[in-house]
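Counting in the numbering used here, the sequence shown runs from 633 upward without gaps. All remarks here apply to the structure that follows.
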Amino acid sequence: VLEDFPMPSELKGLFVSIPEEKFRLDISSTEIREKLR
633 VLEDFPMPSE LKGLFVSIPE EKFRLDISST EIREKLR
């Protein structure tokens with residue numbers, strides 16, 4: 633998580649923490665290949 637990443641305080645305003653549920657998609661490589669057919 634962003635809060636756990638060591639970073640100078642003057643740079644912290646340049647980043648926004650994104651919750652995992654906003655970008656995570658649990659899908660297997662087999663499912664991906666099947667969808668591409």
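Just so you know, even glycine gets a beta-carbon here, dropped at the ideal spot from N, CA and C. Computed from a predicted structure; not experimentally measured.
For residue i versus residue j, is the C-beta spacing smaller than 9 Å?
i	j	result
Phe655	Leu634	no
In three-state terms, what does DSSP make of residue i?
i	result
Asp658	coil
Ile664	helix
Ser641	helix
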